[in-house]
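K.L.:
Handing you this structure, nothing more for now.
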């Protein structure tokens, strides 16, 4: 099913666009697969093209290829009112995989903030044609602005069901990457979607 305005909901932050992927495939199989094939060095152990990556490292590489700026539009579509969803590893030594959802907030989302001068600018907005949610972008630089972005950080654990990588090339690699990305999208929507509703309310 293609991604349309009706595909989104208050708790849906990311979607896989399989129909667009197949319809626009230069190799007749998968547009995402063509991008993966151009970056095979990201998708196996260093200097060993036959050795798959650990599950979380593969997830990070598969997500990076599936999203902007590598793919535009991405195999994964990020909701237009977000400033991105990125993956990284914890820096405290335990190697946990983290998912950061970057959420711009309007002044009226800041319930505890009072007395913001009326002359100060907020995010400018523009309606996105495939989403009921507005795109938020920097206002003109004519007056001061209070532009707030919060990060919703998720910790990926076994409940996310990330599948292990089994292939390092070909259609098998593409299928592995698609399964991994689908598990990430499901976990992001399940865990971060309700938090976004709590931050902003349903608008």
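Numbering (the numbering used here), first residue to last: 134 to 336. C-beta atoms are modelled at their ideal positions from N, C-alpha and C, and glycine is treated no differently.
Taking its Cβ as the centre, do 16 or more other Cβ atoms sit within 10 Å of residue 304, making it buried, or is it exposed?
P.N.:
By the 10 Å Cβ count, residue 304 comes out exposed.
K.L.:
Considering only residues of the stretch 159 to 236, which uninterrupted alpha helix (DSSP H) runs meet the minimum length of 4 residues and lie entirely inside it, listed in chain order?
P.N.:
List check, alpha helix (DSSP H) in window: 164 to 170 and 188 to 199.
K.L.:
Nearest to residue 275 by CA position, among 309, 254 and 242, is which residue?
P.N.:
With distances taken between Cα atoms, residue 275 lies closest to 254.
K.L.:
Taking the alpha carbon of residue 224 as the point to measure from, which residue in 288, 268, 332 and 143 has its own alpha carbon closest?
P.N.:
Selected option, being the one with the closest Cα: 288.
K.L.:
Based on the DSSP output, what are the partners of residue 278 in its beta bridges?
P.N.:
DSSP output for residue 278 lists 254 as bridge partner(s).
K.L.:
At which residues does the beta strand (DSSP E) containing residue 318 begin and terminate?
P.N.:
Not the beta strand (DSSP E): residue 318 falls in the alpha helix (DSSP H), residues 303 to 333.
K.L.:
How long is the line joining the alpha carbons of residue 181 and residue 313, rounded to whole angstroms?
P.N.:
If you take the alpha carbons of residue 181 and residue 313, they lie about 21 Å apart.
K.L.:
Below 8 Å on the Cβ atoms is my guess for residue 193 versus residue 220; work out the distance and round it to an integer in Å.
P.N.:
So it is a contact: roughly 5 Å between Cβ atoms.
K.L.:
Taking residue 273 as part of the alpha helix (DSSP H), name the residues at either end of that continuous run.
P.N.:
No alpha helix (DSSP H) contains residue 273, which DSSP labels as neither H nor E.
K.L.:
Around the Cβ of residue 200, are there at least 16 other Cβ atoms within 10 angstroms (buried) or fewer (exposed)?
P.N.:
Under this definition residue 200 is a buried residue.
K.L.:
Would you list the residues sitting across from residue 283 in a DSSP beta bridge?
P.N.:
The partner list for residue 283 (beta bridge, DSSP) reads 236.
K.L.:
Taking the beta strand (DSSP E) that residue 149 belongs to, which residues open and close that run?
P.N.:
First-last of the beta strand (DSSP E) with residue 149: 147 to 149.
K.L.:
Return the chain-ordered list of same chain residues with a C-beta closer than 6 Å to the C-beta of residue 233, the five sequence neighbours on each side being excluded.
P.N.:
So the list reads 219, 284 and 286, once near-sequence residues are dropped.
K.L.:
Cα separation between residue 330 and residue 322?
P.N.:
C-alpha separation (whole angstroms): 11 Å.
K.L.:
Judging by CA-CA distance, which residue of 261, 203 and 188 is the nearest neighbour of residue 230?
P.N.:
When only C-alpha atoms are compared, the closest one is 188.
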